[in-house]
Structure formats: C-alpha cells, structure tokens
Amino acid sequence: MSKITERVEEIVEPVIKSLGFELVDVEYVKEGPDHYLRIAIDKEGGIDISDCALASEKISEVMDKEDPIADPYFMDVSSPGAERPLKKEADYAAAVGNPVYVKLYEEIGGDKEWLGELVKYDEDTVTMSVRIKTRTKEIELPRKKIAKIRRAVIL
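By full-length UniProt numbering, the letter at position 34 of the sequence shown is numbered 34, and the numbering carries on one by one without gaps.
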C-alpha cells in the first residue's frame, strides 16, 4: 500500500499547497472490509473544519480525475492534531525539546515503546531524554528501527 500513498501524495500535494496548506501525512489502510484514505493537513495557526472541507472538495476533484486507487475507499481530511507524526526533517526540527512517542520495530533496552523529550536527531539516530523510575537518561534509537514517531501530549 505504500505505492498508493506515494502516488496519492504526488497527486494531492500541489492541490494542498495551492490552498496554502501543508501536507502532513497520507495513510491508506484496510480496516475490516473497508479501505480508508486519511490525509492530514496543517497551516500556520492551525486547521479548522472549513479548511478541511475545502481541501476535501479540491482533493476529491483531482482524485476522481487521476483515479489512483482501484478499490472503493472512504476519504478523511483532517488536522494532524496535537500528536502530529514526525515525517519530514522540518517536523523533527520543530519537535526538538518537546515530548515525543516512539514505537520501534524491535526492542531496544527491553522496550519497543518510548516516551520522552526529543533532544536531537540526525539522519541515522534519534536521541531522547527518558525517565526510568527515578532517573533521567539519554537513549539513542536508530531511525531505521522506528516504526512510528509522533509528538506526545504529557499531562
């Protein structure tokens, strides 16, 4: 399904940019018998419901014309929310010093999931400050082992 998301990104990104929005994420998944195309958009100051409606209308027009998905699907255009995924280098840069949640493909240090502050990153690793019981320590996670990374809200 990654080829579908790549193709959808190619098709919808110019449309989203023309509206003054940023394409944050494209996800195409099968849940039960149905397929869902989820598109997350953002802009300076945040996205509201009318922005999502406008983007959905314009995206639908181009998707109907290009028709990159053979199966019937439901499309959802929304804000990435407070727990925005980190996809681009700019997302990582903006998240430095903030809480992030990381899910790994395999365990590192006995865990597959980590919650902490993003300290720094480069093309190969993500360094986080995490609290383990009563102490705080820095851990390095190889980016190739990260299944998902997103901003986190810690209350």
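Beta carbons: idealized from backbone N, C-alpha and C, even for Gly. None of these values were measured; they are calculated from a predicted model.
(message) For P80, count the other beta carbons within 10 Å of its own beta carbon; 16 or more makes it buried, fewer makes it exposed. Which is it?
(response) buried
(request) Out of K145, I59, R143 and P142, state which residue places its alpha-carbon closest to the alpha-carbon of K17. (result) I59
(request) Could you pull out every residue in the same chain whose Cβ sits closer than 6 Å to the Cβ of V29, ignoring the five residues on either side in sequence? (result) Y36
(message) Please state the DSSP three-state secondary structure of V8.
(response) helix
(request) Go ahead and label E83 buried or exposed: buried means 16 or more other beta carbons lie within 10 angstroms of its beta carbon, across all protein chains shown. (result) exposed
(message) If you follow the beta strand (DSSP E) that E107 is in, where does it begin and where does it stop?
(response) P99 to I108
(request) Can you tell me the Cβ-Cβ gap for E31 and L23, rounded? I've got them flagged as a contact below 8 Å. (result) Wrong, their Cβ atoms sit about 22 Å apart, outside the cutoff.
(message) Threshold first: 3 residues or longer. Then list the beta strand (DSSP E) segments lying entirely within the stretch 9 to 36, N to C.
(response) 22 to 31
(request) Could you name the residues of the same chain whose beta carbon sits closer than 6 Å to that of E75, not counting the 5 residues immediately before and after it, in chain order? (result) According to the sequence shown, residue 75 is Met rather than Glu. For M75, where only same-chain residues beyond five positions count, the Cβ hits under 6 Å are L37.
(message) Just to confirm the assignment: which complete alpha helix (DSSP H) runs, minimum length 4, are found wholly within the stretch 29 to 74?
(response) 49 to 66
(request) Out of L86, G97, K88 and S78, point me to the one whose CA is closest to D48's CA. (result) S78
(request) Compute the Euclidean distance between the alpha carbons of V100 and M63, then round it to the nearest angstrom. (result) 33 Å
(message) Output needed for D42: all residues of its chain with C-beta closer than 6 Å, excluding positions within five of it in sequence on either side, in chain order.
(response) E22, V24 and P80
(request) Please name the residue or residues paired with P130 in a DSSP beta bridge. (result) First, the amino acid is wrong: residue 130 is Val here, not Pro. Answer by DSSP bridge pairing, in chain order: K137.
(message) With a threshold of 7 Å on Cβ separation, who are the neighbours of I4 within its own chain once the five nearest residues in sequence on each side are excluded?
(response) Y28, P68 and I69
(request) Take I139 as the anchor and find which of P85, R151, Y121 and R150 has the nearest alpha-carbon. (result) Y121
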